[in-house]
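Enquirer:
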Amino acid sequence: DRQKLIKTVKEFFEFRLLEGTIKLYADDIIYIETELHKNVFYTEKGTFQIYKKLDELENELKDMGFVRAHLSFLVNMKYITKISSYVMTLTTGKKIPVPKARYAQVKREYMLYKGEE
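Sequential numbering of the sequence shown, starting at 1, is according to the UniProt record's numbering.
1. Mapping DSSP to helix, strand and coil, what is V98?
2. Note down the Cα distance separating L54 from H70, rounded to an integer number of angstroms.
3. Measure the alpha-carbon distance for V40 versus G65 and round it to whole angstroms.
4. Drop a sphere of 10 angstroms on the beta-carbon of Y51, count the other beta-carbons inside from all chains shown, and report buried for 16 or more, exposed for fewer.
5. Classify M111 as buried or exposed, calling it buried when 16 or more other Cβ atoms lie within 10 Å of its own Cβ.
6. Exposed or buried, which one is A101 when buried takes at least 16 other CB atoms within 10 Å?
7. Where do the ends of the beta strand (DSSP E) carrying E35 lie?
8. Rounding to the nearest angstrom, what Cα-Cα distance links K78 and I30 in this structure?
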């Protein structure tokens, strides 16, 4: 089952930063936000900026339990506490808008991830 597979795989990625290279476990990435042509990774270890397209990151991380909540946000579903009224709430308290056009798809992906569908 997909959820068990996602939860047992500890996949790490190596990213080039301005300051050098960093290895991050997909599990440790809470969400990624696009800001002024760069992507900011919000992780349990801090924030990191990289220059890579969010579309590319989405392709790399989609099988790791990530969902594209918005044009500017890629979210690790492990950290979602709820999705309602076009807003996704994370365990950190962060609220991420989910556009009406994406809402049904995002909610369905989250339900599949949680094993509720």
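Note that beta-carbon positions come from the ideal geometry of N, C-alpha and C, so glycine has one too. Computed from a prediction, not measured in an experiment: that's the story for all the values here.
Expert: In this structure, then:
1. coil
2. 11 Å
3. 18 Å
4. With fewer than 16 other Cβ atoms within 10 Å, it is exposed.
5. exposed
6. Of the residues assessed, A101 falls on the exposed side of the cut-off, its CB having fewer than 16 other CB atoms within 10 angstroms.
7. Note, E35: beta strand (DSSP E), 29-35.
8. 8 Å
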